[in-house]
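Residue numbers (our numbering): 24 to 153. In what follows, a single structure is set out as structure tokens and then discussed.
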């Protein structure tokens, strides 16, 4: 119960929570735990420490989530395609990009964009045929 332990409770339990999540996901992805060569575990409290004006109270979606900044307009229409116009090779990924924070696989759209720019078939990559 994080509420009773205070926000600092995250410092005490985040590694255990990460271990349990990895164990749970390993059920669906056999060999996942063995494939991890390094990890960095960030809690909502760490997010707030890292950027207090952006991740207020550990909000993983970031600041300024307005209706006009959702879906294909996230974070702005100019940047919504996961790449920075005029800066070839610079791609965007994270809670400020669609589909937003707290989503497993949120880096997938950016990976698809990068592979597309490199003329690599994403479907073949995930099928193990590349």
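From the three backbone atoms N, C-alpha and C, an ideal C-beta is built for every residue, glycine too. None of the values given here were measured: they were computed from a predicted structure.
Proximal residues to residue i (C-beta, below 7 Å), its chain only, five neighbours per side dropped
i, result
"residue 140", "none"
Residue from the options with nearest C-alpha to residue i
i, options, result
"residue 118", "137, 107, 97", "97"
"residue 130", "114, 94, 143", "114"
"residue 106", "135, 48, 32, 143", "135"
"residue 33", "67, 124, 95", "67"
"residue 120", "111, 104, 110, 112", "104"
"residue 229", "30, 123, 50, 52", "With the chain covering only 24 through 153, there is no way to say anything about residue 229."
"residue 112", "128, 51, 52, 133", "133"
Three-state secondary structure assigned by DSSP to residue i
i, result
"residue 56", "helix"
"residue 41", "helix"
"residue 76", "coil"
"residue 134", "helix"
Contact set for residue i: own chain, Cβ-Cβ below 6 Å, skip 5 residues either direction
i, result
"residue 41", "64"
"residue 95", "103"
First through last residue of the alpha helix (DSSP H) which encompasses residue i
i, result
"residue 145", "145–149"
Self-check item: Given 8 Å, three or more beta-carbon pairs between the stretch 54–61 and the stretch 95–113
Solution: The stretch 54–61 vs the stretch 95–113: no contact.
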